[in-house]
Every structure is written in structure tokens, then in C-alpha cells.
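Let me begin by presenting the structure, written as C-alpha cells, before commenting on it.
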């Protein structure tokens with residue numbers, strides 16, 4: 006066996022050939038340096054680009070070679086510089102490297118070919134996104150780096166066009182700082198003139214977001230001034246802290262950060278009904294969390310730095326609010342019942358959002374606190390509201406505004422409860438934490454299609470629902486639990502696979518997460534030959550359904566006003582499917598008395614960081630690479 010002399014610094018994986026290390030490093034950086042000059046498709050390897058040139062429909066034969074050659078020359082220069090950079094940091098065990106020619110990697114070319122759709126099952130086998138997600142930190146990691154940068158650029162370009170006076174193109178690269186300074190100086194309130202902490206200054210009525218901003222600032226001020234000795238908040242309400250708070254929540258910045266929230270985060274978590282979202286009547290703490298998330302995802306780094314100062318304070322603000330409103334005991338009118346349900350939905354939304362925020366952006370202490378304590382409160386809140394939300398009572402008679410509002414609130418509840426389960430499953434998958442929720446609890450309806458939830462009028466929503474009412478999901482009011490049972494019972498007919506493929510990406514993601522939750526319980530029980538059969542059947546059926554689906558955002562343009570309709574984190578469901586398959590195979594191997602792994606499993610560790618699952622992913626990627634070579 007040849008000596009593994011080339012080592013990757015980020016993950017310490019060793020390789021016997023320099024060519025393998027080069028390819029591996031690109032998986033860390035998500036680089037695809039070779040681009041087709043016509044269709045703009047990108048590739049990790051030069052020979053893959055050349056093969057693409059022979060089939061590219063947008064190039065004639067005469068211009069094809071010229072475009073590829075020019076693109077290759079340009080990228081080779083930057084690639085040579087990139088390789089020389091990491092080669093200088095590598096200590097080789099011998100003076101010569103064993104570099105093989107491209108024909109040795111035919112199988113690997115197929116595996117890594119970008120001709121496949123980004124969310125296809127075959128591409129997902131690389132586990133490229135999960136390798137990145139489990140090794141990085143921040144809200145930005147819910148999208149791959151290329152997609153996030155592309156959407157941030159769309160927003161920056163839009164800001165320059167729409168508001169050239171508000172946008173400060175700072176050559177120093179501190180655009181966010183310039184934004185904050187501009188917004189603060191244009192505010193009617195200077196925090197340094199506020200002597201008494203209890204005083205709040207009026208904001209001009211012309212600033213539509215001013216009153217809500219003042220309410221948020223007031224709540225944070227009262228919270229910090231009245232904090233207890235054992236509070237998680239480390240801030241003290243000083244003039245400089247007040248200035249920071251007012252800069253962050255200045256009207257102009259609140260508007261801008263909410264735009265970032267809708268465009269950059271909302272696709273990952275579509276639980277708020279945007280068309281009917283009313284900034285003025287929304288719970289101020291919910292708005293506060295949305296603003297902080299938007300700032301953390303801002304294309305301007307200074308925005309994120311400022312927002313992160315307030316993470317612990319905002320967490321405490323959420324969990325010290327009326328988070329568990331009591332159910333009304335006296336008969337109420339329909340209007341009062343709707344308003345009460347809306348408040349409860351907002352409570353679970355703000356709680357989920359702040360848990361997600363601290364889980365990815367918070368300190369180590371904050372992340373631990375979320376996993377061990379706050380998450381338990383979130384699950385309790387979901388159970389208190391009830392895990393059986395349904396549209397059973399919704400009638401499709403006429404598209405009135407009140408009808409639309411009733412639909413939106415119930416669908417918000419269904420989706421919010423779904424995402425509470427998804428974060429519970431995520432803690433199980435990524436941290437090996439025992440699930441706090443059982444799949445059998447998930448009696449709420451499957452989420453309605455995005456076309457219904459994103460419709461921007463009552464008529465549009467009514468039309469979309471009338472198309473959906475013929476589906477098996479609406480006719481039979483299938484719950485998440487029922488759907489998981491069905492796909493785990495037996496192999497589905499082609500007709501049912503086609504019917505189930507209409508459920509949408511969010512529901513498919515929820516089902517594969519449910520299979521992960523079931524797998525955890527199997528991993529910690531006695532395994533017989535038939536124990537894993539239902540999960541394997543479910544995984545097999547899920548793959549067939551996924552391959553039949555039609556992505557909801559296939560025709561959604563990359564435009565500032567439509568980015569919020571894109572599919573976010575759930576698009577990576579195939580990678581979670583592969584991870585579930587890997588874990589099931591691992592359980593089978595460890596339970597096999599004749600397997601070399603039998604009886605050698607280390608004692609289970611619970612509530613770990615993400616390094617354990619990242620190690621598993623990287624080992625699988627390494628095996629995949631070796632087998633392909």
C-alpha cells in the first residue's frame with residue numbers, strides 16, 4: 006500500500022496522490038473553477054468542461070472550442086495560483102508525487118458531473134452540502150455558499166438601483182457600517198440625549214416603522230435594566246449600548262433587515278404568511294427576531310457584527326414574553342378566537358426562530374442552552390397548542406378576505422408545528438440527542454403547496470386550493486404520521502408514487518426527517534432481521550417519490566421581489582436521505598454477529614457537537630472517492 010503523504014489541513018484526511026488532494030480541497034471550498042463560456046455551467050475539472058463542450062446546445066461547433074479554450078486559459082491561471090498556495094503549506098513525505106492522468110477518473114467524473122440537477126439523488130451522494138453544514142457555523146450555512154452569494158448580490162444591486170442615496174458604496178468595504186450610520190443620523194432620536202433610561206422619545210409619524218422600533222427598543226431596555234443577577238444577558242444599558250440598539254432598530258435598517266429576512270432566510274423556514282403579514286400589528290418580539298436574523302444574513306458584515314451583540318438579549322426577550330398564553334375558558338366570538346389563535350401561532354414562531362438563530366449564531370453556551378433547555382420549552386409549547394392542526398373545517402365556497410385569513414392562520418400553525426418537529430429531528434441527526442417528539446404525535450395535516458401559501462390574493466389562494474382539493478392529501482386529510490406509515494408499509498405502486506410526488510418539497514423533507522427519528526429509536530433497541538425492513542421500505546419509496554417530483558420554484562426568477570418564493574434548506578433532502586441510508590446500513594452491520602463491527606461499537610454519546618456526524622460524513626465521502634477511483 007502506498008504511503009499517504011498528502012494531507013488536507015481542514016479535515017486532516019490523507020491522500021496518496023496529489024491529484025486526489027486537489028480534488029478533495031475543492032469540495033471544502035465548493036469551487037468549480039472551469040466554466041462554459043456560453044451556458045455558464047461550471048465544472049470542477051477541465052476535462053469535464055471539454056466533454057460538456059461536445060454536447061452544449063447553446064454553442065455552435067465553431068464557437069464552442071473557442072469559448073472553452075478561452076475559459077480554460079483564464080481559469081487555469083487562477084487555479085495554478087490556488088494550487089501553488091496550498092502546495093506551499095504541504096509537507097511531503099517524499100520528493101516525488103504520484104499524479105495520474107485524467108483517464109483514471111472516469112467514474113469520479115460521472116459522480117461529480119454538474120450535468121445532473123443540483124437536488125438529484127445521484128448528486129446528493131457526495132453529501133457535499135452536509136459536509137459543509139456540519140463543519141461551519143452561522144445562519145448563512147442553511148444555503149450553499151454560491152447560492153447565498155448570488156442572492157446577496159441580487160439584493161445589493163437592487164439597493165443601488167432603488168435607493169442610491171440610502172446605499173453608501175463604501176470603498177473601504179464597510180458598507181454595513183455606512184448603512185447603520187446613515188440610518189442613525191437620519192433618525193429623529195439621538196440616544197445620547199436620553200438621560201433617564203425610563204424616558205422614550207417620540208418618533209415622527211411619517212416613519213411607518215418608527216413606532217414598532219420604539220416598542221422593541223423599549224422592551225429591550227426594560228429587560229436589560231431589570232435583569233437578575235443570574236441572567237444570561239451580559240449587557241448593561243449605557244449610552245453606548247442604547248446608541249447601538251437604536252442604530253440596529255432604526256426605521257431604515259428595520260425595513261432593510263426585514264427585506265434580508267424575507268429574501269435570504271424565509272425560503273429556509275416559510276412559516277409566516279408573507280402576503281398577510283402586517284408589520285404594525287405583528288408581535289414586536291417576533292419582528293425583533295426577524296430583524297436580527299435579517300441582519301445576521303446581511304451582505305454587509307458590519308450589520309451582522311452589530312446584531313450578534315444582541316443575541317442573548319433577544320433570546321431572553323422571547324422566553325420572558327407571554328410565551329404560554331392560557332387557553333380561553335369562556336365562550337368567545339369567532340373574531341376573538343381567530344385573534345387568540347394568531348397570538349399563539351406568533352408565540353411558537355418567535356420561539357422557533359430564536360432557537361434556530363442561537364443554534365447557529367450563538368456562543369457555545371447559548372447553543373448548549375438551546376439544545377438542552379429552550380428546545381424543551383419549544384416542544385412543550387407545540388404540545389400545548391396541539392399537534393393536530395387541520396383544514397378540515399375550511400370550506401371552499403368563496404374567496405373572501407376573512408376566509409383567506411382563516412386559511413393563512415391555520416396553515417401557519419401547521420407549518421410552525423412541522424418545523425418544531427424538524428428542529429427536533431435535526432438535533433437527533435446532528436447531535437445524537439434523543440428525540441423529544443414522536444412521529445406518532447404528528448397528527449397535523451401535510452403542509453399545503455407553496456402555490457397556495459404564497460398566493461398574493463384571496464382569489465389566487467382560492468384558485469390554487471381548488472386545484473389541490475383533488476389530491477389525495479386534501480381528500481383524505483392525510484397527516485404526517487399517516488403518510489410516514491403508508492410509505493413504510495410496502496412498496497408503492499407507480500400510480501401512488503406519482504400521486505404522492507405532488508406533496509411538495511417541504512413534506513418530502515419532513516418525511517425523510519421522520520425516518521431519521523425512527524432510525525434513532527431502532528439504533529438504540531435490539532435489532533432482528535425484520536426490524537429495519539419498514540425503514541428500508543420507506544427509504545426506497547421516498548427515493549421513487551422524490552425522483553417524480555416537480556420542483557415548485559422551477560420557473561421562479563432570481564429577482565429581488567421573488568427570491569422569497571424559492572425553495573431553501575429543504576432542497577437538500579436527498580442528502581438527508583443518503584445519510585439515513587448510511588445510518589441504517591451501519592445499524593445492520595453493527596447488529597450482524599458475523600460482521601467485524603459486531604460488538605465493537607463504542608458506547609453511545611448523546612448531545613454531542615456536530616463533529617461526530619461530520620466525521621461519519623467525511624468517512625463516507627472518502628470511501629466514495631476511493632471506490633470511484
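Numbering (this note's numbering), first residue to last: 6 to 634. Glycine included, C-beta positions come from ideal geometry on N, C-alpha and C. Quantities reported herein were computed from a predicted structural model and do not represent experimental measurements.
{"Item": "Inter-residue Cα distance where the pair is residue 251 and residue 257", "Value": "11 angstroms"}
{"Item": "Backbone CA spacing between residue 231 and residue 224 [nearest angstrom]", "Value": "11 angstroms"}
{"Item": "Sequence-distant residues of the same chain with beta carbon closer than 6 angstroms to residue 221, five excluded per side", "Value": "254, 289 and 293"}
{"Item": "Those runs of the alpha helix (DSSP H) which lie wholly inside the region 522–604 and span at least 4 residues", "Value": "538–553 and 578–596"}
{"Item": "Sequence-distant residues of its chain with Cβ nearer than 7 angstroms to residue 422 (five each side left out)", "Value": "387, 392, 394 and 449"}
{"Item": "Burial state of residue 520 (16 or more Cβ within 10 Å)", "Value": "buried"}
{"Item": "Bridge partners - residue 450, DSSP secondary structure assignment", "Value": "484"}
{"Item": "Segment limits, alpha helix (DSSP H) that includes residue 163", "Value": "150–167"}
{"Item": "Where residue 517 falls, given that 16 or more other Cβ within 10 Å makes a residue buried", "Value": "buried"}
{"Item": "Contact check, residue 527 vs residue 536, beta carbons under 8 angstroms", "Value": "yes"}
{"Item": "Closest residue to residue 575 among 313, 277, 272 and 317 (Cα-Cα distance)", "Value": "272"}
{"Item": "Buried versus exposed, by CB contacts within 10 Å (16 or more), residue 594", "Value": "exposed"}
{"Item": "Straight-line gap, residue 317 to residue 238 (C-alpha atoms, nearest Å)", "Value": "6 angstroms"}
{"Item": "C-beta contact flag for residue 323 and residue 356 at 8 angstroms", "Value": "yes"}
{"Item": "Contact set for residue 191: own chain, Cβ-Cβ below 6 angstroms, skip 5 residues either direction", "Value": "Below a pLDDT of 50, predicted positions are generally treated as unreliable, and residue 191, at 49, falls in that range; no measurement from the model is reported."}
{"Item": "Helix, strand or coil at residue 19 [DSSP, three-state]", "Value": "strand"}
{"Item": "contact_flag[the region 541–551, the region 490–501] where n(CB pairs < 8 angstroms) is 3 or more", "Value": "yes"}
{"Item": "Cβ shell of residue 473 (< 7 angstroms), same chain only, five flanking positions each side left out", "Value": "453, 454, 457 and 479"}
{"Item": "Under 8 angstroms between C-beta atoms of residue 565 and residue 268", "Value": "yes"}
{"Item": "Under 8 angstroms between C-beta atoms of residue 611 and residue 471", "Value": "no"}
{"Item": "For residue 47, the residue or residues it bridges with in DSSP", "Value": "40"}
{"Item": "CA nearest to the CA of residue 216, picked from 625, 260, 406 and 228", "Value": "260"}
{"Item": "Supposed close pair residue 408, residue 469 - CB separation, criterion 8 angstroms", "Value": "Rounded, the Cβ-Cβ distance is 13 angstroms, inconsistent with contact."}
{"Item": "Buried versus exposed call for residue 155 [16 or more other C-beta atoms within 10 Å across all chains shown]", "Value": "exposed"}
{"Item": "DSSP-derived helix/strand/coil call for residue 249", "Value": "helix"}
{"Item": "Residue range of the unbroken alpha helix (DSSP H) whose run includes residue 293", "Value": "289–301"}
{"Item": "Inter-stretch contact at 8 angstroms, needing at least 3 Cβ pairs: the region 294–303 / the region 358–375", "Value": "yes"}
{"Item": "Contacting residues, own chain, Cβ-Cβ under 6 angstroms from residue 278 (five flanking each side not counted)", "Value": "413 and 417"}
{"Item": "Cβ shell of residue 561 (< 7 angstroms), same chain only, five flanking positions each side left out", "Value": "567, 570 and 571"}
{"Item": "Alpha-carbon to alpha-carbon, residue 579 and residue 616", "Value": "21 angstroms"}
{"Item": "Cβ-based burial, residue 241 [other Cβ within 10 Å; buried from 16]", "Value": "exposed"}
{"Item": "Cβ-Cβ distance between residue 321 and residue 227 below 8 angstroms", "Value": "no"}
{"Item": "Three or more C-beta pairs below 8 angstroms linking the region 125–141 and the region 577–592", "Value": "yes"}
{"Item": "Assigned secondary structure, residue 219 (DSSP; H/G/I helix, E/B strand, else coil)", "Value": "helix"}
{"Item": "Inter-residue Cα distance where the pair is residue 512 and residue 502", "Value": "14 angstroms"}
{"Item": "Distance, residue 442 Cα to residue 548 Cα", "Value": "24 angstroms"}
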